[in-house]
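Worksheet: the structure to be examined is printed underneath.
Numbering (this note's numbering), first residue to last: 1 to 48.
Below, the structure written as structure tokens:
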């Protein structure tokens with residue numbers, strides 16, 4: 001499950017054409033584009 005604040009921040013950065021960089025560490029994805037960056041946190045639905 002992705003946390004809403006991170007998704008909302010990511011949608012603010014979206015453009016028709018863009019280059020982006022994504023770094024995944026632990027439960028976070030750090031997204032960087034020319035106009036800014038944001039962190040999207042993922043919470044597992046179930047730990048196995």
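Ideal placement from N, C-alpha and C gives every residue a C-beta, glycine not left out. For clarity, every value in this text was computed on a predicted model and none was experimentally measured.
So if DSSP puts residue 32 in a beta bridge, which residue, or which two residues, is it bridged to?
BP columns for residue 32 point to 21 and 37.
Please report the residue range of the alpha helix (DSSP H) in which residue 2 lies.
Looking at the DSSP string, residue 2 is not in any alpha helix (DSSP H), and its letter there is neither H nor E.
Taking the beta carbon of residue 14 as the centre, do at least 16 other beta carbons fall within 10 Å, making it buried, or is it exposed?
Counting Cβ neighbours within 10 Å, residue 14 comes out exposed, since fewer than 16 surround it.
Report buried or exposed for residue 10, applying the criterion of at least 16 other Cβ atoms within 10 angstroms of its Cβ.
Flag for residue 10 reads buried.
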